[in-house]
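Numbering (my numbering), first residue to last: 693 to 973. The beta carbon of each residue, even a glycine, is placed where N, CA and C say it ideally should be. Since the structure comes first, as structure tokens, the remarks are kept for the end.
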Ligand code: KMH
Ligand code: ZN
């Protein structure tokens, strides 16, 4: 059987701006279109943030509802993952606003860290609270790991019963303040995973390509998109996350792996099947 790779598209994030690239989507319609384009290019999962019309990060449920509805109306059966990380400085109540009906996964950030010149706060009681909300809503957590100690927090959450399978682990490498994007770091983190765990590698900035290539060779899954990286090549802006997905799909095929469909990704991630029912005939 061909080894399947889940390609996740992180289409907007909270940090990148139109001043950096005119291709960063802001409105719900633009974000949904970017997600659908990424799905058409081969992404099985979309990682969603939202923005206010002026580009400020938003965790407003109305924005997320509109994005999710537009994706489903496309119609698209892509797996929808909403960020509970939001942006630095947001409180937990605000961050939880993204978990609207139709979401299938939610992120769970596993620790406090420097995030550029700011602090991304994830106190342990807040992590437990977000994990509980994900469980109540029947959403599969994607555990965001930026540094080695966060794997110990993962083990603690599992031991205390705050987290249980199915869950997914995302290694985000190259955030200034987190672990650097290197092969040594990715291998070290993967060795520290509880078994069995489905994991994805994401590299920030120019490391996106290198981490994707490594993760593909190491049997992991990949995340690409404008949230983490605006460039297709040195000095060449990607015109959207779909271009970055296309490249990840081509890289996967070069090492003998095929992109998973959303339904295949649901099976790998332990998600309920059945979005087809939502989409109708
Ligand atoms: N914007 C970052 C501070 C997540 O989506 O859960 C957090 C982030 C992680 O993007
Ligand atoms: Zn994010």
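Subject >> Rounded C-alpha distance that separates residue 706 from residue 935 >> reply: Your numbering for residue 706 matches position 14 in the chain shown. Your numbering for residue 935 matches position 243 in the chain shown. Each residue's Cα considered, the two are about 20 Å apart.
**OP:** Just grab the DSSP bridge partners of residue 738 for me.
**Re:** Against the chain shown, residue 738 aligns to sequence position 46. In the DSSP secondary-structure assignment, residue 738 is bridged to 701, 772.
Original post:
According to DSSP, which residues form a beta bridge with residue 647?
Top reply: The chain is shown from 693 up to 973; residue 647 falls before or after that span and cannot be answered.
Original post:
Would the C-beta of residue 962 count as close to the ligand ZN, meaning under 7 Å from any of its heavy atoms?
Top reply: Residue 962 sits at position 270 when you count from the first residue of the chain shown. Because no heavy atom of the ligand ZN lies under 7 Å away, the Cβ of residue 962 does not count as near it: no.
Original post:
Hey, out of 859, 874, 696, 904, whose CA is closest to residue 886's CA?
Top reply: For the purposes of this step, residue 886 is identified with residue 194 of the chain shown, where counting begins at 1. Considering only 859, 874, 696, 904, the residue with the shortest C-alpha distance to residue 886 is 859.
Original post:
Along the chain, where does the alpha helix (DSSP H) that runs through residue 841 open and close?
Top reply: The residue labelled residue 841 in the question sits at position 149 within the chain shown. Here the alpha helix (DSSP H) through residue 841 covers 841-851.
Original post:
Taking the beta strand (DSSP E) that residue 806 falls in, what are its first and last residues?
Top reply: Translated into the one-based positions of the chain shown, residue 806 becomes position 114. Counting along the chain, the beta strand (DSSP E) containing residue 806 begins and ends at 805-807.
Original post:
Is it the case that the CB of residue 913 approaches a heavy atom of the ligand ZN more closely than 7 Å?
Top reply: By one-based count along the chain shown, residue 913 stands at place 221. At a threshold of 7 Å, residue 913 does not count as near the ligand ZN, since its beta carbon sits no closer than that to any of the ligand's heavy atoms.
Original post:
Using the rule of at least 16 other Cβ atoms within 10 Å of the residue's Cβ for burial, across every protein chain shown, is residue 894 buried or exposed?
Top reply: Position 202 of the chain shown, counted from the start, is the residue given in the question as residue 894. Classification for residue 894: buried.
Subject >> Inter-stretch contact (C-beta, 8 Å, three-pair minimum) for the stretch 741-761 and the stretch 933-953 >> reply: No, they do not touch.
Original post:
What three-state label does DSSP hand residue 792 in the structure shown?
Top reply: Locating residue 792 in the chain shown gives position 100, counting from the first residue. Coil at residue 792, not helix or strand.
Original post:
Who sits around the ligand KMH, taking every residue whose Cβ is closer than 7 Å to one of its heavy atoms?
Top reply: With 7 Å as the limit, the residues whose C-beta approaches a heavy atom of the ligand KMH more closely than that are 705, 706, 707, 739, 741, 775, 776, 777, 778, 779, 780, 799, 801, 807, 812, 836, 919, in chain order.
Original post:
What do you get for residue 943, buried or exposed, if any count of 16 or more other CB atoms within 10 angstroms of its CB means buried?
Top reply: Within the chain shown, residue 943 is the residue found at index 251, counting from 1. Residue 943 is buried by the Cβ-count criterion.
**OP:** Kindly indicate the opening and closing residues of the alpha helix (DSSP H) around residue 945.
**Re:** Within the chain shown, residue 945 is the residue found at index 253, counting from 1. That run of the alpha helix (DSSP H) goes 933-946.
Original post:
Is the stretch 802-810 touching the stretch 765-775 in the sense that three or more CB pairs, one from each, lie closer than 8 Å?
Top reply: Taking 8 Å as the limit for Cβ pairs, the verdict is that the stretch 802-810 does not touch the stretch 765-775.
Original post:
Which residue's Cα is closest to the Cα of residue 899: 924, 768, 812?
Top reply: As a first step, residue 899 must be located in the chain shown, where it is residue number 207. When C-alpha distances from residue 899 are compared across 924, 768, 812, the shortest belongs to 924.
Subject >> Neighbour-count burial assignment, residue 712, 16 or more Cβ in a 10 Å radius >> reply: Residue 712 sits at position 20 when you count from the first residue of the chain shown. Exposed, because fewer than 16 other Cβ atoms sit within 10 Å of the Cβ of residue 712.
**OP:** Measure the alpha-carbon distance for residue 634 versus residue 876 and round it to whole angstroms.
**Re:** Given that the chain is displayed from residue 693 to residue 973, the structure contains no residue 634 and the question cannot be resolved.
**OP:** Just the C-alpha distance for residue 728 and residue 721, rounded to the nearest angstrom, thanks.
**Re:** On the chain shown, residue 728 is found 36 positions in, with the first residue counted as 1. On the chain shown, residue 721 is found 29 positions in, with the first residue counted as 1. If I take the Cα positions, the gap works out to 10 Å.
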